[in-house]
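Visitor:
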Amino acid sequence: DLSPVERIQQETTTPEATEQDKTDEELGLAKEPSSNKNGEEEQQDENAASALEEDNHISEEHQPKEDTPESATPLAVSPRILYWILGLLVILVLLAAAALVILIVKVWIPDHDDDGDSSSSFSNTEGILRFSDLQDRLQYLVSVGVSDPAVFSVANSIRSPQLRAVEWMLYNDTLQLPAPPIGTNPDDYPEAYRFVLRYAMMTLYYSTTSSTTTGSAAAQSWHSRLSFGSSGRDTCDWNQQVLRPLSNSGGSGQEGLVTLGVICSLDKKATGLQLYTNNLVGTLPPELSVLKTLTNINLDRNNGLIGTIPEEICNLSNLVILSISHNQLTGTIPSCINRITPLRHLSISNTGKITGPLPHMGGLMNLRQVFLQNNRLWGNVSTFGFFGFASELSIVILENNEFTGTITSSFFSSKPKLTHVDLSGNRLTGQPPIHLLWHPGLRVLDFSNNRLAGRLPSMFPPNQNFQFLALQNNRITGSINSSIGALVGLQHLDFSNNSLTGPMLPELSTTDPHQSVMGNLTHLFLGENDFQPGRIPDVLSSIYQLKEISLQRSQRIGPLPEFIVASSNLVMLDVAQNALTGKIPAQWGNLVNLEFLLVNQNFLSGDIPSELSRLSKLRAGFFEDTLLSGNALNQVCLLPTLNKLDGDIDGDEVVYADCGRV
1 DLSPVERIQQ
11 ETTTPEATEQ
21 DKTDEELGLA
31 KEPSSNKNGE
41 EEQQDENAAS
51 ALEEDNHISE
61 EHQPKEDTPE
71 SATPLAVSPR
81 ILYWILGLLV
91 ILVLLAAAAL
101 VILIVKVWIP
111 DHDDDGDSSS
121 SFSNTEGILR
131 FSDLQDRLQY
141 LVSVGVSDPA
151 VFSVANSIRS
161 PQLRAVEWML
171 YNDTLQLPAP
181 PIGTNPDDYP
191 EAYRFVLRYA
201 MMTLYYSTTS
211 STTTGSAAAQ
221 SWHSRLSFGS
231 SGRDTCDWNQ
241 QVLRPLSNSG
251 GSGQEGLVTL
261 GVICSLDKKA
271 TGLQLYTNNL
281 VGTLPPELSV
291 LKTLTNINLD
301 RNNGLIGTIP
311 EEICNLSNLV
321 ILSISHNQLT
331 GTIPSCINRI
341 TPLRHLSISN
351 TGKITGPLPH
361 MGGLMNLRQV
371 FLQNNRLWGN
381 VSTFGFFGFA
391 SELSIVILEN
401 NEFTGTITSS
411 FFSSKPKLTH
421 VDLSGNRLTG
431 QPPIHLLWHP
441 GLRVLDFSNN
451 RLAGRLPSMF
461 PPNQNFQFLA
471 LQNNRITGSI
481 NSSIGALVGL
491 QHLDFSNNSL
501 TGPMLPELST
511 TDPHQSVMGN
521 LTHLFLGEND
531 FQPGRIPDVL
541 SSIYQLKEIS
551 LQRSQRIGPL
561 PEFIVASSNL
571 VMLDVAQNAL
581 TGKIPAQWGN
591 LVNLEFLLVN
601 QNFLSGDIPS
611 ELSRLSKLRA
621 GFFEDTLLSG
631 NALNQVCLLP
641 TLNKLDGDID
651 GDEVVYADCG
661 RV
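Shown next, in the form of structure tokens:
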């Protein structure tokens with residue numbers, strides 16, 4: 001009862017044999033019949049094979065077909081699995097986004113305690129919530145042109161003063177001024193102005209404090225913080241009364257209480273920025289130019305101010321006073337400064353590094369005072385527009401630059417209020433501008449240290465207001481006319497180091513019988529000239545206000561006069577390098593204020609009077625190359641103020657002649 005398949009399986013001896021038979025069949029090889037098989041067995045084998053073939057055919061119909069590329073069916077996936085996969089992907093994306101935001105917050109919004117005004121710091125979560133507020137503020141400042149977008153980038157973990165200012169307003173300032181709408185003009189909307197004013201002042205603060213200093217110590221670079229960065233306090237209240245020199249430029253003088261900081265009008269518009277002599281260290285930010293209501297900027301004598309003058313400063317269209325002298329500024333004076341037409345006072349002096357041509361200033365018709373001394377400016381004076389157009393001009397100080405050209409008779413001819421002209425230390429040529437002495441209001445004329453040539457005038461005009469005349473270190477010839485005595489108000493006269501001839505001081509005359517001849521003179525310098533030989537002029541005996549006299553190398557002969565003691569205020573007496581003879585008068589011991597005494601390189605002889613030991617203020621004494629002798633010099637050399645010389649000699653230490661050997 002076995003099925004054909006069972007019979008075949010039973011008759012098959014091993015899997016190997018069956019496999020071999022199958023292989024042979026596939027290859028078409030016929031087996032030879034066994035010799036011991038009879039016909040009946042062969043018949044049975046044929047029947048069994050026929051049955052097996054039929055059974056295999058039936059089995060193949062019910063077996064699944066093998067997958068082939070042509071007949072393969074796609075794998076069926078459950079919708080639930082797809083939902084799980086998509087959900088997982090969404091979670092991963094959200095986690096990545098959160099990590100990115102936290103990273104941005106850590107870079108852009110670090111701890112904001114660097115100004116010392118706030119003891120609390122925001123958590124990362126709070127920082128993330130406020131990140132959009134920060135972006136709003138940055139976008140507004142860029143939209144109205146207050147700041148360049150590049151200043152808000154973070155490079156090498158260094159945050160710009162502009163970025164620090166915005167961060168302070170957002171994270172430390174309890175006032176919490178909101179960002180104005182994009183494009184809102186601060187000149188038209190008070191709230192927008194209030195926002196940019198606070199931002200500009202904090203930018204200035206961070207720009208002029210040490211970038212390596214954090215915390216409350218950051219303000220130490222300022223002599224006085226002046227309430228800058230006071231959280232919750234209105235920006236117009238960022239000022240303070242402090243003790244400073246009373247001069248407008250912060251120079252020497254009597255000290256008193258002055259208001260420094262932000263000065264505002266009644267409508268809360270900034271009109272002044274007074275920060276002179278406050279030890280600012282850093283650069284001037286261009287953001288100051290957004291405050292078009294400013295009329296007065298005074299940043300004088302902050303020796304740590306560096307960098308260039310931002311051209312944006314020309315946008316301050318209402319500026320009347322611009323004073324940024326005694327700093328370390330570099331670069332050039334912006335040519336656009338000609339646009340600030342209300343400007344009356346311009347002071348960019350004593351930097352030693354401002355260079356380039358002096359820009360045309362013909363548009364500054366309201367200019368009254370110009371201070372550009374001690375720089376490296378150059379140009380021909382004939383091109384200086386403000387000489388011709390500023391009718392209110394009163395003070396022009398351009399000393400120690402590299403200006404060239406000639407001062408003609410037309411210069412300053414239409415300046416009725418002119419009082420001071422100083423172009424000393426330049427490269428000017430031509431005649432000395434003595435014609436300016438006829439200007440009725442002129443008080444100071446200094447053209448020393450130039451290349452002027454020509455003769456002194458044959459007549460000096462009567463001018464009671466004139467006080468200061470300096471023409472030293474030029475190539476001027478001629479002689480001093482006696483009419484110079486008509487300058488009855490003259491206090492300072494310096495003709496030294498020229499080629500003057502004739503009598504040193506002829507019989508001086510004055511047109512005013514009630515005025516003494518040169519009775520107000522305090523400084524007289526006539527040395528280094530070619531005067532005809534003569535004694536020290538007797539006229540000096542009537543000038544009681546003299547403090548400094550220099551007649552060095554001026555062909556003086558004869559004895560030293562006793563009458564010099566008439567000037568009890570004398571501080572310096574220099575008669576060196578002449579042919580003076582005789583002794584030092586004992587009366588010179590009464591010059592109790594004398595600090596500098598130079599009698600060296602003369603034919604003086606005799607004992608040094610012991611009275612000179614009473615010169616308790618003497619700081620320098622030169623007696624070398626004379627025939628002087630005596631023990632009194634030992635006492636002079638022991639004076640406590642002697643042996644060191646400072647001040648005009650740059651602090652150099654000097655060992656005085658004879659003190660080391662007598």
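Going letter by letter, the sequence shown gives residues 1 to 662 in UniProt numbering. Ideal Cβ placement from N, Cα and C applies to all residues, glycine included.
(1) In three-state DSSP terms, what is V90?
(2) Figure out for me which residue from D300, S394, T330 and S496 has the closest Cα to the Cα of V444.
(3) Among the candidates L442, E392, R344 and N449, whose CA atom is the shortest distance from the CA of L428?
(4) Pull the bridge partners of N380 from the DSSP assignment, please.
(5) Are H439 and Q467 closer than 8 Å when you measure CB to CB?
(6) What's the C-alpha gap between G261 and Q240?
(7) With respect to the alpha helix (DSSP H) encompassing residue 666, which residues constitute its N-terminal and C-terminal limits?
(8) Can you tell me whether DSSP reads I337 as helix, strand or coil?
(9) Give the DSSP bridge partners of D607, in chain order.
(10) Just grab the DSSP bridge partners of S347 for me.
(11) Buried or exposed: which applies to I182, given that a residue is buried once 16 or more other Cβ atoms fall within 10 Å of its Cβ?
(12) For H492, does the three-state DSSP call read helix, strand or coil?
(13) If you draw a straight line from the C-alpha of G229 to the C-alpha of W238, how long is it?
(14) If the criterion is Cβ atoms closer than 8 Å, does the pair L618 and L604 meet it?
(15) With the cut-off set at 8 Å, would you say S472 and F411 are in Cβ contact?
(16) For a minimum of 4 consecutive residues, which ranges assigned as the alpha helix (DSSP H) are wholly contained in the stretch 437-492?
(17) Would you say M459 and L490 are within 8 Å of each other, going by their C-beta atoms?
(18) Classify R225: buried if its beta carbon has 16 or more other beta carbons within 10 angstroms, exposed otherwise.
(19) Where does T213 fall in DSSP's three states?
(20) Measuring straight from C-alpha to C-alpha, what distance separates S265 and L273?
(21) For N593, tell me which candidate among G582, A579 and S613 has the shortest Cα-Cα distance.
(22) Buried or exposed, going by whether 16 or more other CB atoms sit within 10 Å of the CB of L257?
(23) Over the uninterrupted beta strand (DSSP E) stretch that includes M365, give me the two end residues.
(24) I need the boundaries of the alpha helix (DSSP H) containing residue 713, first residue and last residue.
(25) Roughly how far, in whole angstroms, is the beta-carbon of L505 from the beta-carbon of I480, given that I think they are within contact range, below 8 Å?
(26) Around the Cβ of Q369, are there at least 16 other Cβ atoms within 10 angstroms (buried) or fewer (exposed)?
(27) How big is the Cα-Cα spacing for W434 and S482?
(28) Report buried or exposed for E66, applying the criterion of at least 16 other Cβ atoms within 10 angstroms of its Cβ.
(29) V290: which of V320, C314 and F389 sits nearest, CA to CA?
(30) Between Q552 and chain B, is the shortest Cβ-Cβ distance under 8 Å, so that the two count as touching?
(31) For N327, is the classification buried or exposed, using 16 other Cβ atoms within 10 angstroms of its Cβ as the cut-off for buried?
(32) Quick one: give me the first and last residue of the beta strand (DSSP E) that L428 is part of.
(33) Express the C-alpha separation of V144 and T184 in angstroms, rounding to a whole number.
(34) For A96 and R130, I'd like the C-alpha separation in whole angstroms.
(35) Just the C-alpha distance for L316 and Q464, rounded to the nearest angstrom, thanks.
(36) What are the boundary residues of the alpha helix (DSSP H) that A579 is part of?
Guide: Looking at the coordinates:
(1) helix
(2) Nearest to V444 by alpha-carbon distance, out of D300, S394, T330 and S496, is S394.
(3) N449
(4) Looking at the DSSP assignment, N380 forms a beta bridge with T404.
(5) no
(6) The alpha-carbon atoms of G261 and Q240 are separated by roughly 7 Å.
(7) Outside the shown range of the chain (1 to 662) lies residue 666, about which nothing can therefore be said.
(8) helix
(9) Beta-bridge annotation (DSSP): D607 is paired with S629.
(10) S323 and F371
(11) exposed
(12) strand
(13) 8 Å
(14) no
(15) Note that residue 472 corresponds to Gln in the displayed sequence, not to Ser. In this structure, F411 does not lie closer than 8 Å to Q472 by Cβ.
(16) Qualifying alpha helix (DSSP H) stretches: none in this window.
(17) no
(18) buried
(19) Because T213 sits at a pLDDT of 41, beneath the cut-off of 50, its placement in the model cannot be relied upon, and the following sentence gives the value as read from the coordinates. In this structure, T213 counts as coil in the three-state DSSP scheme.
(20) One Cα belongs to S265, the other to L273, and the distance between them is close to 12 Å.
(21) S613
(22) exposed
(23) Looking at the DSSP string, M365 is not in any beta strand (DSSP E), and its letter there is neither H nor E.
(24) The question about residue 713 has no answer, for the chain in this structure spans 1 to 662.
(25) 6 Å
(26) buried
(27) Rather than Trp, the amino acid found at residue 434 in this sequence is Ile. Going from the Cα of I434 to the Cα of S482 covers about 15 Å.
(28) Caution is warranted here: a pLDDT of 46 is assigned to E66, below 50, making its placement in the model unreliable, and the coordinate value is therefore given only provisionally. E66 comes out exposed.
(29) When each option's Cα is compared against that of V290, the closest is C314.
(30) Within the model displayed, chain B is absent; a lone protein chain is all it includes.
(31) buried
(32) R427 to T429 is the span of the beta strand (DSSP E), which, as asked, contains L428.
(33) Their Cα atoms are separated by approximately 7 Å.
(34) 20 Å
(35) C-alpha of L316 to C-alpha of Q464: approximately 41 Å in a straight line.
(36) Note, A579: premise wrong, no alpha helix (DSSP H); beta strand (DSSP E) at A579 to G582.
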